[in-house]
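To start, the structure itself, in structure tokens.
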Amino acid sequence: MGKSIMESHNDYILKVSDLSVKFPNETILDDISFKLKKGKTLAIVGPNGAGKTTLFRAFLNLVPYTGKIEWADKVKIGYVPQRLSVSDIPISVKEFLSFKGASNMENSLSSVGLDSKSVLNKSLGVLSGGQLQRVLIAWAIVDRPNVLLFDEPTAGVDLDSEEAIYKMLNDLKKENEITILLISHDIHIIRDYSEYMLALNRCVTFFGESKSIMNPELQKIIYGEPVCVEPEHGE
Amino acid sequence: MILLIEVLIFSLVIAIFVGLSAGYLGSLMVLEKMALVGDALSHVALPGLALGILFNFDPLLGGFVFLFLSAVIIWHLGRVTKLSFETLVGAMFTLALAIGILLISDLEALTEALFGDISQVSLPDTVVAIIISVVAIFLTKIIYNKIVLSMISEELATSTGVNVAKTNLLYLLLVSLVVAMGIRITGTLLVGFLVVVPAAAARNVSSNLYRYSVLSSIFGALSSFSGVLLAGYINLPTVPPGPLVVISGVAIFLIAVFVKWISKL
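Here the protein sequences line up with chains Y and X, keeping their order.
For the first sequence, our numbering begins at 1451 and goes up steadily by one.
For the second sequence, our numbering begins at 43 and goes up steadily by one.
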């Protein structure tokens, strides 16, 4: 009995407790607590301004926070941000990927479905939205992380590419036992490509299985006036 | 301003190294959408030059101190206020120009400070310029990718362990050094040109960073070399090197635009 508790304890890759991010006049995140198991995909949902990106920024130590963020040992995080400004910068895909000092560029490009021969020497600024997004994912996985953070990875990408990118993410996850946290607005993507979801609206408004997102009552809760759940339930 | 041949050679050597380093460092300035900042920042040196002239120490040292101080102030204000770099530099530079002009009462000294003077460079000046340029290029090369990454996304840079604020500060320090050196060639009013235009020309004909930074350095060296050479050839007190450097640089820029246009046909 004791052993199985230990094992399940070790299965968690991320434990967040009482996490708050506050600026002088504004509370961005209030008392967030949840746990996530290794190898799962967690979708983070909520209206605009709910603090989703800030949660990621706290994970990456980019904003000051109170509370605890505990990652499992030997965690290596790959991050794909929401916005990039590349149009003015003359930089090739090869140069961009080499910033990470990684040697397996070809592999990571082919695992995101890009032909390295045709893409490596292209300038980032001339890539299509879908190609750029794939290059970003390749960047995130090039040094073999075990956790991926995606901030709306398919914003500005057409529907076909969006579906393809999520399929690819799914395959990556299966092959490499990667844990994925993703921010998305698309309820179909959340239902089809994540196991759990965390609904934020400054506080946690729901935490549970992703398939329940199809429930209209729950959607009202997620995108309506914030009704916080107790931190203990956010697990 | 009659030039001795050895003075001309020293000036040409300084011009090449200043042009190389200004072009290389400037390639980052232009990407940062700080082109205007690079230009305006250089004028901030004038009060420092004035103090040097007034109190009889190397004006370029005074220029460097003023450049770096204002760069740090702007860097700090940019972090604590939400004002844009352009706004801050704009305010700072006009103030500095005004103070500088008030301080320098000697009209000839003012012209030299504003438009450059190569009639008095010595061997030690040349050696110092070479060392500073080489060090500036070397250190910038180390932080080049980090700065580019932080321009693409500050989050990405920070998530890979780049200290964006410190890297930017080092970069500003190096820019201040190179700009202070460039003042001798082009004068404080035109030195910003060396940081901006070679990079803009290189931008037109580059699709990767390596080519871009190398071309920017070469264009910088070419424009300051040919400007100084022209000034030496004309050899008139009324023709300072600064404006000639600018004219050669713009010629290179126009050629680059033309080459791009041709390649698109």
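Even for Gly, the Cβ is constructed at its ideal location relative to N, Cα and C.
Beta-carbon proximity list for residue i, same chain, < 6 Å, skipping 5 on both sides
i	result
X:V233	S84, V221, G224 and I225
Y:P1595	K1526, I1527 and G1528
X:S63	S175, A178, I179 and V220
Under 9 Å from the C-beta of residue i: neighbouring residues of chain X
i	result
Y:P1666	Those do not exist, as Y:P1666 stays about 35 Å from chain X at its closest Cβ, beyond 9 Å.
Y:K1550	T202
Y:L1510	E197, T200 and S201
Partner residues on chain Y for residue i, Cβ-Cβ distance less than 7 Å
i	result
X:M71	Per Cβ cutoff of 7 Å: no residues; X:M71 is ~12 Å from chain Y at best.
X:L212	Neighbours of X:L212 on chain Y: none; closest Cβ ~18 Å, over 7 Å.
X:N250	P1540, I1541, S1542, E1545 and S1573
X:Y254	P1540
X:L191	F1549
Same chain, Cβ closer than 8 Å to residue i, five either side skipped, listed in chain order
i	result
X:L212	L181 and I185
Y:L1650	L1479, I1482, I1494, V1495, G1496, A1500, G1501, K1502 and L1505
X:Q162	V49
Y:Q1669	I1637 and I1663
Y:Y1515	L1469, S1470, V1471, L1479 and A1508
Y:A1522	N1460, Y1462, I1463, L1464 and K1488
X:V301	N246 and V247
Chain-ordered neighbours of residue i on chain X, where CB pairs are closer than 7 Å
i	result
Y:L1534	I194 and S195
Y:R1594	What Y:R1594 touches in chain X: nothing, since even the nearest Cβ is about 14 Å away.
Y:P1514	None at all; the shortest Cβ gap to chain X is about 13 Å.
Buried or exposed (CB count within 10 angstroms, at least 16 for buried), residue i
i	result
Y:N1498	exposed
Y:G1674	exposed
Y:P1531	buried
X:N277	exposed
X:K188	buried
X:D167	buried
X:E154	buried
X:S192	buried
Y:F1524	Rather than Phe, the amino acid found at residue 1524 of chain Y in this sequence is Lys. By the neighbour-count rule (16 or more Cβ atoms within 10 Å), Y:K1524 is not buried but exposed.
Y:P1474	exposed
X:W303	exposed
Y:Y1643	buried
X:G203	exposed
X:L296	exposed
Y:D1468	exposed
Y:T1629	buried
X:N246	buried
X:Y275	exposed
X:E48	exposed
Y:I1640	buried
Y:L1609	exposed
Y:I1591	buried
Y:H1638	exposed
X:I310	Outside the modelled stretch of chain X, which goes from 43 to 307, sits residue 310 of chain X, for which no answer is possible.
X:D159	buried
X:L125	exposed
Y:D1538	exposed
X:E150	exposed
X:I294	buried
Y:G1551	exposed
X:T35	As displayed, chain X neither begins before 43 nor continues past 307, which places residue 35 of chain X out of reach and without an answer.
Under 9 Å by beta carbon: chain Y residues contacting residue i
i	result
X:R245	D1538 and P1540
Same chain only: Cβ atoms within 7 Å of residue i, ignoring 5 sequence neighbours per side
i	result
X:F267	L54, A57, I58 and G61
Y:T1504	V1471, I1478, L1479 and V1513
X:L216	L67, A178, L181 and T182
Y:K1465	K1485 and E1520
X:W117	N210, L211 and L214
Y:I1672	V1495, G1496, A1649, T1655 and F1656
Neighbour list for residue i in chain X, Cβ cutoff strictly below 8 Å
i	result
Y:P1474	Per Cβ cutoff of 8 Å: no residues; Y:P1474 is ~13 Å from chain X at best.
Y:P1531	S195, E197 and L198
Y:R1507	E197
Amino acids of chain Y, ordered along the chain, whose beta-carbon sits closer than 8 Å to that of residue i
i	result
X:Y186	In chain order: nothing, as chain Y lies at least about 10 Å away.
Quick one: any contact between the segment 1562-1580 of chain Y and the segment 230-246 of chain X, if contact means 3 or more CB pairs under 8 Å?
-> no
Inter-stretch contact (C-beta, 8 Å, three-pair minimum) for the segment 1530-1544 of chain Y and the segment 1573-1584 of chain Y | yes
Could you tell me which uninterrupted alpha helix (DSSP H) segments, each at least 4 residues in length, are contained entirely in the segment 152-207 of chain X, listed from first to last along the chain?
-> 165-194 and 196-201
Cβ contact check for the segment 1611-1619 of chain Y and the segment 1550-1558 of chain Y: 3 or more pairs under 8 Å | no
Assess, as a yes-or-no matter, whether the segment 62-74 of chain X is touched by the segment 237-244 of chain X under the definition of 3 or more beta carbon pairs within less than 8 Å.
-> yes
Cβ contact (3+ pairs, closer than 8 Å) linking the segment 1653-1672 of chain Y and the segment 135-154 of chain X | no
Would you call the segment 284-297 of chain X and the segment 84-97 of chain X touching, i.e. three or more CB-CB distances under 8 Å?
-> no
Is the segment 162-179 of chain X close to the segment 192-204 of chain X, with three or more CB pairs under 8 Å?
-> no
Entirely within the segment 1605-1680 of chain Y and at least 4 residues each: give me those alpha helix (DSSP H) ranges in chain order.
-> 1609-1626, 1637-1643 and 1666-1673
Fully enclosed by the segment 55-123 of chain X, which alpha helix (DSSP H) runs are 4 residues long or longer?
-> 77-85, 88-97 and 101-122
Could you give the uninterrupted runs of the alpha helix (DSSP H) lying entirely in the segment 1468-1512 of chain Y, keeping only those of 4 residues or more?
-> 1502-1509
Segments of 4+ residues assigned as alpha helix (DSSP H) that fall wholly inside the segment 1561-1601 of chain Y = 1566-1569 and 1579-1591
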